[in-house]
Amino acid sequence: MAVAVAVALAVAVAVAVALGVVLTVALGVALTVALGVALTVALGETVALGLTLALGLTLALGEALGLGERCGLCLPFCQP
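Below, the structure written as structure tokens:
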């Protein structure tokens, strides 16, 4: 019985972590696209693309690794 509970808990945690990473990366991509459109209109294509990719990847990776609540660099995007 204890083994079954431990296995169920381990599976639940693994699924929650995987889902959290997937949703976090999806949010990072959505923010990147929205920011990319705004920056392209404001700054032009080349500059906007570089800034958007850098920020989007930083947000997605930072959130996926759980760094947002610790470093605060990506406020207000990473904070609850």
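Each residue of the sequence shown is one higher than the one before, counting from 1 in the numbering used here.
For every residue, glycine included, the Cβ atom is placed at its ideal position computed from N, Cα and C.
Backbone CA spacing between residue i and residue j [nearest angstrom]
i: residue 3; j: residue 13; result: 15 Å
i: residue 8; j: residue 26; result: 27 Å
i: residue 5; j: residue 30; result: 37 Å
i: residue 38; j: residue 10; result: 42 Å
i: residue 92; j: residue 18; result: No answer is possible for residue 92: the residues shown for the chain start at 1 and end at 80.
i: residue 16; j: residue 54; result: 27 Å
Cβ pair residue i, residue j closer than 8 Å
i: residue 28; j: residue 59; result: yes
i: residue 40; j: residue 56; result: no
Residue burial classification, residue i (beta-carbon count within 10 angstroms, cutoff 16)
i: residue 46; result: exposed
Own chain, CB closer than 7 Å to residue i, minus 5 neighbours either side, in chain order
i: residue 22; result: none
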